[in-house]
Amino acid sequence: MRYPKLIALMLLLVAASAFAQANLEVNTPAVAAIKASMQARHAQLTASYDSGAVGLTRDGNVAVRDPALVPLPQRGQVTTLVAQENADRASLYKEIAKANNKPEWEGDIRNTFAQRWIEKAHPGWYYQSASGTWTRK
Amino acid sequence: MKPAQPHFGALRCVLPLAAAMLATAGCVTINIYFPAAAAEKAADKIIDEVWQDQSRDGAKAAPTPTPAPAKK
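Right, here's the structure in full:
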C-alpha cells in the first residue's frame, strides 16, 4: 500500500487524541454554588458522621443509618440536613454532566463520586458496602 | 479488446483518504467515552473542598515547627 508511514502517523494521532482529550469540566458557577452549600452543611453533619448516625450510601448519597444515635432534639434537623445534602449531591452530579454537555454522563459521575466519597471517608465513619451492609471505616 | 482489469490503482489513491477520514472520525468519537480517570481526580478535588480535607499531593501541609535546640 502507498504511504504506510502516513497511515501509521494518522493512527498514532487518533490514539494520542484519546489520551489528550480525557478531561472533565467542573468549573462552572453552578458547581461552585453547590460546593459552597455542601461545605457549609458539612460543618453541621460532621458530628453525625463521627457518631455513625449518618453514613455514606453506595450510590453517592448520605443516609441516616441509625436515628437512635442522634440526640432526640436534633433528630428532625439531621433528617432535614440529610435530605438537603442528597438534593445538593443530585444537583452536583447533574451540573457536572451539564458542564461537559453530556447529560448522559450523570450516572457515571454519580458512580465515580460514590466510590470516592467512601474512599476518602474518615476513620470511624460508616459506609455501605457493595452488598448494602453498613461497614465502619 | 483489453480484458477488464481490477482498478487497484484507484484503491491506492482512495486508501490514504479513507484513513484520513477514519482518523478524523476517531478524533470526534473519542469524546463519547466517559473520562473515568479525570473524573476520579475531579471528584477527589471537590470532596477535599467540601469536607475541607487536605489533599494528598500538593497540599498546603501545616509546616512542622523546627525543633528549638535550647533546653532549660
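Protein sequences appear in the order of chains A and B. Counting in my numbering, the first sequence runs from 134 upward without gaps. Counting in my numbering, the second sequence runs from 2 upward without gaps. Glycine included, every Cβ here is placed at the ideal spot set by N, Cα and C. Computed from a predicted model, the values in this text were never measured in an experiment.
From residue i to residue j, what distance separates their C-alpha atoms?
i, j, result
"Lys235/A", "Lys46/B", "20 Å"
"Ala39/B", "Pro206/A", "43 Å"
"Leu178/A", "Ala223/A", "18 Å"
"Ala62/B", "Gln55/B", "Low confidence applies to Ala62/B: its pLDDT is 42, below 50, so where it sits in the model is not reliable enough to give any reading."
"Lys227/A", "Ser181/A", "26 Å"
"Lys138/A", "Asn219/A", "54 Å"
"Ala141/A", "Gly265/A", "49 Å"
"Tyr148/A", "Ala20/B", "Reading off the sequence, residue 148/A comes out as Ala, not Tyr. Cα to Cα, the separation comes out at about 14 Å."
Going by DSSP, what residues sit across from residue i in a beta bridge?
i, result
"Leu189/A", "Val195/A, Tyr260/A"
"Trp79/A", "No answer is possible for residue 79/A: it lies beyond the span of chain A, which begins at 134 and ends at 270."
Looking only at its own chain, which residues have a Cβ that is under 6 Å from the Cβ of residue i, when we skip the five neighbours before and after it?
i, result
"Ala230/A", "Pro236, Trp238, Glu239, Ile242"
"Leu126/A", "Only positions 134 to 270 of chain A appear in the structure, and residue 126/A is not among them; the question remains open."
Contact check, residue i vs residue j under 8 Å by CB: the rounded distance?
i, j, result
"Gly257/A", "Arg249/A", "Their Cβ separation, rounded to whole angstroms, is 18 Å, which puts Gly257/A and Arg249/A out of contact at 8 Å."
"Lys253/A", "Ile33/B", "Between Ile33/B and Lys253/A the Cβ distance is about 29 Å, and since that is not below 8 Å, they are no contact."
"Arg174/A", "Leu225/A", "Contact doesn't hold; Cβ gap of about 12 Å is too wide."
Here's a check: name, in chain order, each residue in its chain whose Cβ is nearer than 7 Å to the Cβ of residue i, leaving out the five neighbours to either side.
i, result
"Glu50/B", "none"
"Asp199/A", "Gly185, Ala186"
For residue i, which residues of its own chain have a beta-carbon under 8 Å away from its beta-carbon, when the five flanking residues on both sides are left out?
i, result
"Asn233/A", "Leu157, Glu158"
**Request:** Note down, in chain order, all residues in the segment 211 to 243 of chain A with a beta-carbon under 7 Å from any beta-carbon belonging to chain B.
**Result:** Trp238, Asp241, Ile242
**Request:** Residues of the segment 159 to 179 of chain A with a CB closer than 7 Å to any CB of chain B: list them in chain order, please.
**Result:** Val159, Lys168, Met171, Gln172, His175
**Asked** Which residues, in chain order, does the segment 241 to 260 of chain A contribute to contact with chain B at a C-beta distance below 7 Å?
**Response** Asp241, Ile242, Thr245, Phe246, Arg249, Trp250, Lys253
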